Amino acid sequence: MSSNEQNPEIISSMPASSSARDPKSSADSGSRETIKSFEGFLSFVLSLSIFGASTFAIIVSEIANPNEISPTARFARETVRSFLGIAWLLFIVALGIVAVSMSLLAYKREHPTAGFEGVREQRWERLGLVASSLIQVSVITAFLFLSLVLVAYTEAVGWVAVALSSTAAAFAIVSLAAQWL
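Spelled out as structure tokens, the structure:
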């Protein structure tokens with residue numbers, strides 16, 4: 749067999765979108781996977797933020813005074829209410845970023861040629877990374893403030909929750925720094 753002839757069995761077994769044949773389709777596949785992954789992340793955070801935003805009812809209702817439950821309570825009722833308010837606000841911020849991100853992804857889906865080439869693709873990826881970073885930081889910080897609320901009522905469990913939230917924050921900061929560099 750000469751070098752100009754090709755074996756049809758070998759050709760038929762090769763994938764049609766082989767990166768050796770079409771590097772652009774391989775890159776498009778990677779972009780689609782990234783978008784799918786980001787959409788899954790957004791759906792999860794959407795559910796989590798709705799759950800967290802439900803703390804609003806607690807903020808405006810009468811809550812127990814931690815000093816009446818424990819004479820050595822770390823925080824007063826007003827401080828607990830402030831912590832709950834900050835946590836609620838952070839969940840709402842995350843919810844807003846998720847909503848904007850989902851809208852932008854819907855726009856990209858409806859206008860597939862509107863900017864996934866070259867420099868524009870990098871801008872969209874950076875925008876997604878910024879959104880992801882802000883979402884992660886706001887949700888973890890919201891849980892940190894909810895953990896501090898827990899400290900006011902059940903100190904030992906609250907401090908464990910603060911430690912876990914702080915560990916999650918440290919891990920997120922390290923992973924976000926690695927993504928940005």
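Numbering (our numbering), first residue to last: 749 to 929. In this text, a Cβ means the ideal position worked out from N, Cα and C, and glycines have one as well. Small disclaimer: the values here were computed from a predicted structure and weren't measured.
query, result
"Taking all protein chains shown into account, do 16 or more other C-beta atoms lie within 10 angstroms of the C-beta of VAL808, making it buried, or fewer, making it exposed?", "exposed"
"Can you tell me whether ALA835 is buried or exposed, with buried defined as 16 or more other CB within 10 angstroms of its CB?", "buried"
"Within 10 angstroms of its Cβ, does VAL887 collect 16 or more other Cβ (buried), or is it exposed?", "buried"
"Counting pairs of beta carbons, one from the region 848 to 856 and one from the region 892 to 912, are three or more of them closer than 8 Å?", "no"
"Determine, using beta carbons only, whether LEU838 and ALA890 come nearer to each other than 8 Å.", "yes"
"Output yes or no for whether 8 Å exceeds the beta carbon distance between TYR901 and ILE817.", "yes"
"At what residue ranges does the region 808 to 868 contain a whole run of the alpha helix (DSSP H), taking only runs of 4 or more?", "814 to 817 and 825 to 858"
"Thinking just about the alpha-carbon of each residue, which of GLU826, ILE798, LEU875 and SER830 is nearest to the one in TRP928?", "LEU875"
"Which residues in the same chain as SER914 place their Cβ atom closer than 8 Å to its Cβ, once the five residues preceding and following it in sequence are excluded?", "LEU892"
"If you draw a straight line from the C-alpha of ILE840 to the C-alpha of THR820, how long is it?", "32 Å"
"Can you tell me whether GLN884 is buried or exposed, with buried defined as 16 or more other CB within 10 angstroms of its CB?", "buried"
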